[in-house]
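Just so we're aligned: 221 in the UniProt record's numbering is position 221 of the sequence shown, and the numbers increase by one with no gaps anywhere.
Heads up: the structure comes next, in structure tokens.
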Amino acid sequence: MEPEARSDSRRQSTDERGERTLSTGRPLVDGTPVDGPTLELDPDGASGVRLRQSPHPLVSDPASKTWATLLERPDSGETDRPVLVQWVSPDSPEPPVHHHPKTETFRTIEGEVTVVREGDSIRLGPGESLTVEPGREHTFRNDTDDVVAFEAELPSLRTAKGLYTAWGVAHERGRDEDGDYPGPGLVESLAVAADLSGETTMAAVPLPGRRLLWATVGRVARLSGATGIDDAYLDDSFWNQHVEQPAWE
Numbered sequence: 001m002e003p004e005a006r007s008d009s010r011r012q013s014t015d016e017r018g019e020r021t022l023s024t025g026r027p028l029v030d031g032t033p034v035d036g037p038t039l040e041l042d043p044d045g046a047s048g049v050r051l052r053q054s055p056h057p058l059v060s061d062p063a064s065k066t067w068a069t070l071l072e073r074p075d076s077g078e079t080d081r082p083v084l085v086q087w088v089s090p091d092s093p094e095p096p097v098h099h100h101p102k103t104e105t106f107r108t109i110e111g112e113v114t115v116v117r118e119g120d121s122i123r124l125g126p127g128e129s130l131t132v133e134p135g136r137e138h139t140f141r142n143d144t145d146d147v148v149a150f151e152a153e154l155p156s157l158r159t160a161k162g163l164y165t166a167w168g169v170a171h172e173r174g175r176d177e178d179g180d181y182p183g184p185g186l187v188e189s190l191a192v193a194a195d196l197s198g199e200t201t202m203a204a205v206p207l208p209g210r211r212l213l214w215a216t217v218g219r220v221a222r223l224s225g226a227t228g229i230d231d232a233y234l235d236d237s238f239w240n241q242h243v244e245q246p247a248w249e
């Protein structure tokens, strides 16, 4: 059963220092926000300005308490690489260590994000950036007590589609009996990973194991109904229906 919906949608408040805070990004059920992970940001801050300027909606992964928006998409002629702004909460888990055949660049907007490259932890403050070279294992995390925001120039649009598919499935799967968002199931996750195998390689699985895994995933996925990456999750209308959008004053 879904928790009771709340009516204070897209709230803006002012703290004791007179600074405004925008609360948004909750999951939507039948068009109404419900209790769940909420993004709180300064609407006049650097990441708030980028969100306001983005031509695409705010998206979220309620399972990992992460939010994002695509500032630029190569299929729209806006750029050669997709540029994703991502907000990561202190409770967000660190993504699995992985590598790409192309570069990936991280640039901090607000707060401090830790990029782990080849086992070395590098903390990036506002305005600082780091480019991870092809084939170098990396991940990132939030080691602070606040939400951090950063831009990521992704290796390809397919990388963005893989993220959006996993996040979209988390919304469609909904809550479990404990009221948590479990995210995609194992087979769904494997199907997405198989579709990304040429662009995103998980370091934890040795090459022979990956080949065997990808050889069997397709058949298992078809039998279970999992389809892997789905371009439909990149459609703005999906996120407008599933994620509370900010109301700018």
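Just so it is clear, CB atoms sit at the ideal spot from N, CA and C, and this is done for glycine as well.
Below 8 Å on the Cβ atoms is my contact criterion, and I expect residue i with residue j to pass it. Report the Cβ-Cβ distance as a whole number of Å.
| i | j | result |
| --- | --- | --- |
| GLY111 | ALA63 | Rounded, the Cβ-Cβ distance is 21 Å, inconsistent with contact. |
| PHE106 | SER89 | Not quite, the Cβ-Cβ distance comes to about 17 Å (not below 8 Å), so this is no contact. |
| VAL83 | GLU72 | 4 Å |
| GLU244 | THR21 | With 8 Å as the limit, GLU244 and THR21 do not qualify as a contact, their Cβ atoms being about 15 Å apart. |
| THR131 | GLU94 | Between GLU94 and THR131 the Cβ distance is about 20 Å, and since that is not below 8 Å, they are no contact. |
| LEU39 | VAL147 | 7 Å |
| ALA203 | GLU137 | 5 Å |
Looking only at C-alpha atoms, which of the options sits nearest to residue i?
| i | options | result |
| --- | --- | --- |
| ASP235 | SER92, THR105, LEU70 and LEU28 | LEU70 |
| GLU118 | ALA194, GLY127, GLY183 and PRO96 | PRO96 |
| PRO246 | PRO43, VAL34 and VAL29 | PRO43 |
| TRP239 | LEU196, ALA68, ASP120 and ARG136 | ALA68 |
| SER197 | ARG52, VAL29 and HIS98 | HIS98 |
| HIS171 | THR144, TYR233 and PRO57 | TYR233 |
| ASN142 | GLU133, ARG136, TRP87 and GLU177 | TRP87 |
| LEU41 | GLU153, LEU58, ASP120 and VAL34 | LEU58 |
Can you tell me whether residue i is buried or exposed, with buried defined as 16 or more other CB within 10 angstroms of its CB?
| i | result |
| --- | --- |
| VAL49 | exposed |
| PRO27 | buried |
| ASP8 | In this predicted model, ASP8 has a pLDDT of only 46, less than 50, meaning its place in the structure is not dependable enough to derive any value. |
| SER92 | buried |
| GLN241 | exposed |
| SER60 | buried |
| GLU151 | buried |
| THR159 | buried |
| ASP195 | buried |
CB-CB under 6 Å to residue i, same chain, minus the five flanking residues each way: which ones, in chain order?
| i | result |
| --- | --- |
| ARG123 | GLU112 and THR114 |
| ALA46 | ILE109 and GLU110 |
| ALA166 | PRO184 and VAL192 |
Give the DSSP-derived three-state secondary structure of residue i in the structure shown.
| i | result |
| --- | --- |
| GLU118 | coil |
| TRP167 | helix |
| ALA247 | coil |
| VAL192 | helix |
| ALA46 | helix |
| PRO74 | helix |
| ARG52 | helix |
| LEU186 | helix |
| LEU22 | strand |
| GLU177 | coil |
| GLU128 | coil |
| ASP133 | Rather than Asp, the amino acid found at residue 133 in this sequence is Glu. It is coil, neither helix nor strand. |
Can you find the residues in the same chain that come closer than 8 Å, C-beta to C-beta, to residue i, ignoring five residues on each side of it along the sequence?
| i | result |
| --- | --- |
| PRO155 | ARG81, HIS100, PRO101, LYS102, THR103, GLU104, GLU199 and THR200 |
| ASP75 | LEU157 |
| ASP231 | LYS161 |
| SER54 | THR69, LEU70, LEU71 and VAL85 |
Under 7 Å Cβ to Cβ from residue i, same chain only, skipping five residues before and after it: list those, please.
| i | result |
| --- | --- |
| LYS65 | PRO37, SER89, ASP91 and SER92 |
| VAL169 | PRO184 and GLU188 |
| HIS56 | THR69, LEU70 and ASP236 |
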